[in-house]
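>
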Amino acid sequence: MIRSLDDPEFAARARDVEIIGIDFDGVMTDNKVYVFEDGREAVVCSRLEGYGLRAAAATGVYCFIMSTEENPVVTARAKKLKIDCQQNIPDKVAAFTKVLEERGLSFAQAAFIGNDTNDKGVLEKVHLPISVSDSHEVLDTIETFRTKRLGGNGAVREACDAIAQARSGIKG
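Residues 8 to 179 (the numbering used here) are what the sequence shown spells out, left to right.
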């Protein structure tokens with residue numbers, strides 16, 4: 008079942024969130040990759056995301072990137088945003104479980120923002136599953152709260168602002 012971030016249930020669940028895991032490709036990017044002749048890659052990210060991440064952090068929420076692939080662009084973007092990132096993660100549920108254990112948290116305190124098949128397992132486990140509006144149809148079969156914005160075009164900002172607002176009553 009797909010629900011809106013405007014759904015009252017979103018705000019109710021968001022108040023419990025202490026940690027947000029964020030997929031990179033297709034969530035923080037527009038899901039496209041530019042490949043240069045020498046093999047280097049480039050992606051497009053939105054500058055909007057930083058403000059949303061800071062709004063969530065201001066309410067005590069820990070945000071981090073979790074990517075199946077390993078790519079220097081992910082490291083560079085995480086560094087710019089001043090958030091942690093994990094890469095080369097074949098099993099996002101296991102990796103997220105480890106992060107939760109390290110921080111003394113549980114899935115009942117977690118949100119995840121994803122867009123594709125490799126995010127489905129963790130989206131099914133977290134208390135607040137969020138998918139971007141241009142997510143793959145495989146996520147239409149599970150409960151998620153869907154952003155209005157596209158991946159790489161402010162979807163993370165939209166989700167983080169909504170979580171921050173629910174937690175503090177302050178819009179990011």
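Where is the CB? At the ideal position from N, CA and C, for every residue including glycine. Computed from a predicted structure; not experimentally measured.
Can the beta-carbon of SER74 be found closer than 8 Å to that of GLY159?
If you number the sequence shown from 1, residue 74 lands on position 67. If you number the sequence shown from 1, residue 159 lands on position 152. No, Cβ-Cβ distance for SER74 and GLY159 is not below 8 Å.
> Are three or more beta carbon pairs between the region 85-99 and the region 109-118 nearer than 8 Å?
No: the two stretches stay apart, fewer than three of their Cβ pairs being nearer than 8 Å.
> Is THR124 helix, strand or coil by DSSP?
Position 117 of the sequence shown holds residue 124. DSSP places THR124 in helix when its eight states are reduced to three.
> Buried or exposed: GLU109, going by 16 or more other Cβ atoms within 10 Å of its Cβ?
By one-based count along the sequence shown, residue 109 stands at place 102. Exposed, because fewer than 16 other Cβ atoms sit within 10 Å of the Cβ of GLU109.
> LEU88 to VAL51, Cα distance in whole Å?
Residue mapping note: residue 88 aligns to position 81 of the sequence shown, counting from 1. Residue mapping note: residue 51 aligns to position 44 of the sequence shown, counting from 1. Rounded to the nearest angstrom, the two C-alpha atoms are 15 Å apart.
> Compute every distance between the C-beta of GLY159 and the non-hydrogen atoms of the ligand NAD, then say whether any falls below 7 Å.
Because no ligand of any kind appears in the structure shown, any question about the ligand NAD cannot be addressed here.
> At what residues does the beta strand (DSSP E) containing ARG10 begin and finish?
As a first step, residue 10 must be located in the sequence shown, where it is residue number 3. Segment 9-11, the beta strand (DSSP E) holding ARG10.
> Which residue from ASP14, THR148, ASP23 and ARG10 puts its Cα closest to that of VAL68?
Residue 68 sits at position 61 when you count from the first residue of the sequence shown. With distances taken between Cα atoms, VAL68 lies closest to ASP23.
> Does the distance from the C-beta atom of ALA173 to that of ALA62 stay below 8 Å?
Working through the sequence shown from its first residue, we reach residue 173 at position 166. Working through the sequence shown from its first residue, we reach residue 62 at position 55. For ALA173 and ALA62, no; Cβs fall outside 8 Å.
> How would you label GLY111, buried or exposed, when you count the other beta carbons within 10 angstroms and need 16 or more for buried?
Here residue 111 corresponds to residue number 104 of the sequence shown, with the count starting at 1. Result: exposed.
> So is ALA169 buried or exposed if we call it buried at 16+ other beta carbons inside 10 Å?
By 1-based counting over the sequence shown, the position of residue 169 is 162. By the 10 Å Cβ count, ALA169 comes out buried.
> Rounded to whole angstroms, what is the Cα-Cα separation between VAL12 and PRO136?
Taking the sequence shown and counting its residues from 1, one reaches residue 12 at position 5. Taking the sequence shown and counting its residues from 1, one reaches residue 136 at position 129. The sequence given here has Leu at residue 12, not Val. Approximately 11 Å between the Cα atoms of the pair.
> Just to confirm, are GLY33 and ASP147 a CB contact at a threshold of 8 Å?
Walking along the sequence shown from the start, residue 33 turns up at place 26. Walking along the sequence shown from the start, residue 147 turns up at place 140. No, the Cβ-Cβ distance between GLY33 and ASP147 is not below 8 Å.
> Count the other CB atoms, across all protein chains shown, that sit within 10 Å of the CB of ARG84; report buried if there are 16 or more and exposed otherwise.
By one-based count along the sequence shown, residue 84 stands at place 77. The residue in question, ARG84, is buried, as its Cβ has 16 or more Cβ neighbours within 10 Å.
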